[in-house]
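To keep things clear, I will list the structure first and then write my remarks on it.
Chains as they are written, first to last, in my numbering: chain V, 193 to 580; chain G, 828 to 919.
Structure representation (structure tokens):
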């Protein structure tokens, strides 16, 4: 065997290998499975050294095809190349320096969890956290989150979810960017005044993180479209500016069993909570009926401190990320109040209402034919919304 | 003496202050002290029959008084009564 390992093996540099790989070759990874899982070259087939004799023909059936082998540093792949030549392979090369040299030259790898080298770099401060790790980051990359409103709360939420690598972000908004938005809606900018908010937000997110796919829903959620729009998403973030939409969203989310991270702001005050259907209360358990119009002022009528949108919107983003990762204690059954002038937080308990018409004990008995039918929320809310 | 947290929508009725001190041995008595001192708050808190409006939540410290003893829930010195109506501000 010693003579075989000394046989003249063709060795090529990583950049040469890359050119050949791009043109199409058989690429064999001659390491152990745990190494392969951590990171490998795209298209590389795993054939561990001890199994080469048994597995190489399945991985590389054509003995005359160009075949490139690599390992960690280039030793095992050179040995394997010699072995393969002995088995009759005629065009085998070993990559010098292995995947270490490959990565040192900034060339891309994929991990078994699906991240490219660029993603591993981008999200390294996440993956260093044991609570996130590469697997958690992949959960974020695969997550689909719908933001109701690309305005005050939606802007900071979208920024941080996009930066975190949440792979699909849907934006529902029928408004265009107005100069009066820019005091708090940091995802938009002066040049984009007059542009639909969903488009403006998409442009910002695409510049921030190309991993994120933005889906624009440039319109309003209503009873006719909400189930279809929400159906594609894992989690909904409620930053709606009116009660009819908040109740509609709640009722639909309970039916679809999708968690809602709900936030609202006014003046110097903010509220945030997380509603996970049947695990905790829903929005109607907390607020069974909307207030009359005089008790439901809007930000446009009453004003809001701009940074409040950032404070509460980023708290919403934090809730979303915890739900995706399955870590920590989301605000389920808890309502967090923030008062900015005193810089004070207050936490209140929210309990499931057994008589809740939406998620209470009798809600399961709603017949299939009535599922997806919603009451007239504008009537129900008696003019408490719409003052946008 | 209890501390009553006043929500933004009621602050115009309390001279803008976010907290009011009010006497009373029960949640109902504390709220009555509040409405006596700031009459404008009464119609927004209570219905015609004197019951709490359903769109206003009231908490003693961190617990909804509806799961305690309602307006009769006992209040100790230093307790906090939180008045909480729903808010919808967010996007526009």
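By construction, the Cβ of each residue, glycine as well, lies at the ideal position given by its N, Cα and C atoms.
Which of helix, strand or coil DSSP assigns to residue i
i	result
residue 315(V)	coil
residue 267(V)	helix
residue 509(V)	helix
residue 394(V)	helix
residue 256(V)	coil
residue 499(V)	helix
residue 323(V)	coil
residue 196(V)	In this prediction, residue 196(V) has a pLDDT of 47, which is less than 50 and means its spatial position is unreliable; what the coordinates show is noted afterwards. Correct three-state label for residue 196(V): helix.
residue 886(G)	strand
residue 229(V)	helix
residue 411(V)	coil
residue 530(V)	strand
residue 523(V)	coil
residue 830(G)	strand
residue 221(V)	strand
residue 382(V)	helix
residue 836(G)	helix
residue 242(V)	helix
residue 570(V)	helix
residue 348(V)	helix
residue 374(V)	coil
residue 262(V)	strand
residue 251(V)	helix
residue 453(V)	strand
Minimum Cβ-Cβ distance from residue i to chain G less than 8 Å
i	result
residue 506(V)	no
residue 540(V)	yes
residue 531(V)	yes
residue 463(V)	yes
residue 482(V)	yes
residue 479(V)	yes
residue 204(V)	no
residue 208(V)	no
residue 543(V)	yes
residue 211(V)	no
residue 578(V)	Annotation note: pLDDT 37 at residue 578(V) (below 50); position unreliable, coordinate value reported separately. No - not a single Cβ of chain G is within 8 Å of the one on residue 578(V).
Beta carbon proximity, residue i to chain V, threshold 8 Å
i	result
residue 894(G)	yes
residue 906(G)	no
residue 909(G)	yes
residue 891(G)	yes
residue 902(G)	no
residue 869(G)	no
residue 918(G)	Here the model assigns residue 918(G) a pLDDT of 45, short of 50, so the residue's position is not dependable, and the following value carries that caveat. By this cut-off, residue 918(G) is an interface position.
Integer-rounded CB distance, given that residue j should sit under 8 Å from residue i
i	j	result
residue 365(V)	residue 390(V)	5 Å
residue 285(V)	residue 203(V)	7 Å
residue 904(G)	residue 828(G)	6 Å
residue 363(V)	residue 318(V)	So it is not a contact: roughly 23 Å between Cβ atoms.
residue 450(V)	residue 428(V)	6 Å
residue 442(V)	residue 476(V)	6 Å
residue 206(V)	residue 297(V)	5 Å
residue 508(V)	residue 459(V)	The Cβ separation is near 18 Å, so there is no contact.
Enclosing beta strand (DSSP E) for residue i [first to last residue]
i	result
residue 285(V)	284-287
residue 466(V)	461-467
residue 537(V)	536-541
residue 430(V)	427-430
residue 848(G)	846-849
residue 437(V)	Careful: residue 437(V) lies outside any beta strand (DSSP E), inside the alpha helix (DSSP H) at 435-448.
residue 363(V)	360-364
residue 481(V)	Where residue 481(V) is concerned, there is no enclosing beta strand (DSSP E), given that its DSSP letter is neither H nor E.
residue 336(V)	336-340
residue 841(G)	Here residue 841(G) belongs to no beta strand (DSSP E), and DSSP marks it neither H nor E.
residue 907(G)	907-912
The alpha helix (DSSP H) enclosing residue i, as first and last residue numbers
i	result
residue 295(V)	290-296
residue 214(V)	206-215
residue 870(G)	869-872
residue 857(G)	854-864
residue 478(V)	475-478
residue 418(V)	418-422
Any C-beta of chain B under 8 Å from that of residue i
i	result
residue 905(G)	This model lacks chain B altogether, as its protein chains are V and G.
>> Under 7 Å, CB to CB, which of the residues in the stretch 434-461 of chain V have a partner in chain G?
In response: Within the stretch 434-461 of chain V, 434, 435, 438, 455, 456, 457, 458, 459, 461 place their CB atoms closer than 7 Å to a CB of chain G, listed in sequence order.
>> Under 9 Å, CB to CB, which of the residues in the stretch 402-418 of chain V have a partner in chain G?
In response: none
> Can you list, in chain order, the residues of the stretch 828-850 of chain G whose Cβ is nearer than 8 Å to any Cβ on chain V?
Replying inline: Listed by position along the chain: 832, 834, 835, 836, 845.
>> Along the stretch 854-868 of chain G, where does the CB come closer than 8 Å to a CB of chain V? Name the residues.
In response: none
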